[in-house]
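In what follows, a structure is listed as structure tokens, so that the remarks can point back to it.
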Amino acid sequence: DEQPKSHDEL
Amino acid sequence: MNIFRLAGDMTHLFSVLVLLLKIHTIKSCAGVSLKTQELYALVFAARYLDIFTNYISLYNTVMKLIFLGSSFSIVWYMRYHKIVRRSYDKDQDTFRHYFLILPCLLLALLINEKFTFKEVMWTFSLYLEAVAILPQLVLLQRTRNIDNLTGQYVFLLGAYRALYILNWVYRYFTEPHFVHWITWVSGLVQTLLYADFFYYYFQSWKNNQKLHLPA
Numbered sequence: 019d020e021q022p023k024s025h026d027e028l
Numbered sequence: 013m014n015i016f017r018l019a020g021d022m023t024h025l026f027s028v029l030v031l032l033l034k035i036h037t038i039k040s041c042a043g044v045s046l047k048t049q050e051l052y053a054l055v056f057a058a059r060y061l062d063i064f065t066n067y068i069s070l071y072n073t074v075m076k077l078i079f080l081g082s083s084f085s086i087v088w089y090m091r092y093h094k095i096v097r098r099s100y101d102k103d104q105d106t107f108r109h110y111f112l113i114l115p116c117l118l119l120a121l122l123i124n125e126k127f128t129f130k131e132v133m134w135t136f137s138l139y140l141e142a143v144a145i146l147p148q149l150v151l152l153q154r155t156r157n158i159d160n161l162t163g164q165y166v167f168l169l170g171a172y173r174a175l176y177i178l179n180w181v182y183r184y185f186t187e188p189h190f191v192h193w194i195t196w197v198s199g200l201v202q203t204l205l206y207a208d209f210f211y212y213y214f215q216s217w218k219n220n221q222k223l224h225l226p227a
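Following this line, the structure appears as structure tokens:
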């Protein structure tokens with residue numbers, strides 16, 4: 019499942 | 013990646029390095045709250061569950077490993093290192109941080125972006141991080157002597173989230189439908205908790221005095 023963009027942050 | 017987020021990550025990295033340096037070199041954790049450190053270790057454990065399954069970038073993975081490694085080693089030092097643990101002020105570090113964990117978990121189960129295990133744990137880590145500094149701020153109020161390194165540690169920890177807020181504003185205006193209320197609200201609450209600390213920190217810096225918080 020495509021990881022929502024917001025989880026590209028630490 | 014934008015300058016605010018990079019500055020935020022570097023400030024956050026610097027805060028944990030300042031703390032590790034203090035504990036490792038002078039073998040003392042005076043004025044540091046073990047409860048806050050344990051909460052942060054839990055925050056990173058809950059947030060970085062997908063560190064090996066969801067590769068984003070080398071930078072992202074390396075930073076996650078650093079944050080996980082540093083937070084757990086700080087907890088290890090304060091709990092088990094025979095010299096460091098002696099300087100831990102457990103009579104003063106009495107904030108019942110377990111009372112923070114459960115409400116954050118319940119809230120994450122109620123308010124989240126997607127009701128999956130990973131997403132709930134990620135949301136839990138956001139809520140927990142927002143309040144993780146409380147035991148440390150309470151301890152600072154109690155211990156009169158706030159040494160420079162501990163003061164700098166708390167300041168940097170607060171500054172990193174403030175920079176992240178600028179990052180969210182920037183991303184909101186530059187990326188279509190980049191909207192994450194949960195992240196924004198918990199990040200704002202987290203930064204506001206530092207407000208009075210920032211005020212006294214700035215006052216002490218301006219008057220070139222030792223930092224002390226009113227009882």
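Quick note, the sequences are listed as chains L and F, same order. The numbering of the first sequence is the numbering used here, which starts it at 19 and goes up by one. The numbering of the second sequence is the numbering used here, which starts it at 13 and goes up by one. Backbone N, C-alpha and C define an ideal beta-carbon position, used for all residues, glycine too.
A distance below 8 Å between beta-carbons, with the five flanking residues on each side excluded, links Trp196 of chain F to the following residues of its chain, in chain order: Ile177 and Trp180.
Counting the other Cβ atoms within 10 Å of the Cβ of Asp26 of chain L gives fewer than 16, which makes it exposed. Leu161 of chain F is positioned such that its CB atom lies closer than 7 Å to that of Val30 of chain F. For Met13 of chain F, same chain residues with a beta-carbon under 8 Å away, outside a window of 5 residues either side, are Tyr71 in chain order. The shortest CA-to-CA distance from Trp88 of chain F to any of F:Gln49, F:Tyr211 and F:Thr37 is the one to F:Gln49.
Its Cα nearest to that of Phe16 of chain F, the residue F:Ala171 stands out among F:Asn124, F:Ala171 and F:Thr73. The count of Cβ pairs closer than 8 Å, one atom from the region 23-39 of chain F and one from the region 181-193 of chain F, stays below three, leaving the stretches out of contact. Inter-segment contact for the region 49-69 of chain F and the region 130-146 of chain F is present: three or more beta-carbon pairs are separated by less than 8 Å. Distances from the alpha-carbon of Arg97 of chain F to those of F:Ala174, F:Asn66, F:Cys41 and F:Thr128 put F:Cys41 closest.
Going by DSSP, Val87 of chain F is part of the alpha helix (DSSP H) stretching over Leu70 to Tyr92. Taking the beta carbon of Ile68 of chain F as reference, the chain L residues within 7 Å of it are Asp26, listed in sequence order. Put simply, the CB of Asp103 of chain F is far from chain L, with every gap to its CB atoms at 7 Å or more. Between the alpha carbons of Ala120 of chain F and Met22 of chain F lies a gap of roughly 28 Å. Taking a Cβ-Cβ threshold of 9 Å, none of the residues of chain L is close to Met133 of chain F; the smallest such distance is about 11 Å.
For Ser27 of chain F, the secondary structure class from DSSP, reduced to helix, strand or coil, is helix. Identification of residues in the region 159-171 of chain F having a C-beta nearer than 7 Å to some C-beta of chain L yields an empty set.
The beta carbon of Ser82 of chain F lies closer than 6 Å to those of Val28 and Leu32 in the same chain, with the five residues before and after it left out. For Asp21 of chain F, the nearest beta carbon of chain L is closer than 7 Å to its own beta carbon. Residue contact check for Met75 of chain F against chain L: a CB pair falls below 7 Å.
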